[in-house]
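Residue numbers for the sequence shown follow my numbering, beginning at 12 and rising by one.
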Amino acid sequence: MANKKIIKKKTTTKIVKKTIKQTKVTSKKAPNKFNKFLFGHKKINRNDILEVIMFLAMAIFMLFVYLKVQEII
12 MANKKIIKKK TTTKIVKKTI KQTKVTSKKA PNKFNKFLFG HKKINRNDIL
62 EVIMFLAMAI FMLFVYLKVQ EII
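Right under this line is the structure:
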């Protein structure tokens, strides 16, 4: 009985790993990630938060560069 339980656990972890890899491949778009961060009911990882912060930092930096080029600042 014990051996069967262990085998089941191993197979489930493999399936979970596969699904995680697939989601990582599909959810590389920033807006999709941002929507998940704001409205998602899944657990929020530290990486997701860092990614959103980096996305916002890039947006602010690009805005600053644009204004510098336009000579408004």
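Every residue gets a Cβ at the ideal spot worked out from N, C-alpha and C, and that includes glycine.
Predicted model, so just to flag it, every value in this text is computed and none were measured.
Pick helix, strand or coil for residue i, following the three-state DSSP scheme.
i	result
N58	helix
I83	coil
For residue i, which residues from the same chain have a beta carbon less than 8 Å from its beta carbon, with the 5 sequence-adjacent residues on both sides left out?
i	result
E82	none
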